[in-house]
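Let me begin by presenting the structure, written as structure tokens, before commenting on it.
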Amino acid sequence: MDQSIIKESEENSGHNFINNVFVEPKSGKVYERQNPFRADLLVKLSETMAKHTDEIAQAMTKEVGKVITESLFEVKICSDVLVWFAYETKRVHGQFLNVRGKKNVR
Numbered sequence: 086m087d088q089s090i091i092k093e094s095e096e097n098s099g100h101n102f103i104n105n106v107f108v109e110p111k112s113g114k115v116y117e118r119q120n121p122f123r124a125d126l127l128v129k130l131s132e133t134m135a136k137h138t139d140e141i142a143q144a145m146t147k148e149v150g151k152v153i154t155e156s157l158f159e160v161k162i163c164s165d166v167l168v169w170f171a172y173e174t175k176r177v178h179g180q181f182l183n184v185r186g187k188k189n190v191r
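In structure tokens:
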């Protein structure tokens, strides 16, 4: 999904997000929206890291000078953390967090 189409939350409150567009509700009802895009992306990244663990660990060892066992462990931990954050995106319950700039992240 193109994140550039999502405008500030104040502008879109009272709207439904349908087919990548914020629209006025015909019935007057606004539905809670949950987009699994971020969670799915993080899980795919974790799976890709797990698939290429040896390659990533060898590159880290060459670049940083760590022993290979430390690099392998670090890749595994990073992959696990990505999955944890993927499921954290599903536990956000309607709170808006202020970030730099004018956009709000839900």
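Quick note: the sequence shown uses the working numbering, first residue 86, plus one each step.
Even for Gly, the Cβ is constructed at its ideal location relative to N, Cα and C.
If you're wondering where the values come from, they're calculated on a predicted model, not measured in any experiment.
Pick helix, strand or coil for residue i, following the three-state DSSP scheme.
i	result
V106	strand
Would you kindly report the start and end of the unbroken alpha helix (DSSP H) that includes residue i?
i	result
K111	K111 -> no alpha helix (DSSP H), and no H or E assigned at all.
R123	F122 to K136
V166	I153 to E173
To the nearest angstrom, how far is it from the Cα of residue i to the Cα of residue j?
i	j	result
W169	K161	13 Å
D248	K147	With the chain covering only 86 through 191, there is no way to say anything about residue 248.
K129	V106	26 Å
E132	L126	10 Å
V115	A171	26 Å
E173	P110	29 Å
S112	H100	11 Å
V152	F102	49 Å
K136	N104	33 Å
L157	A124	24 Å
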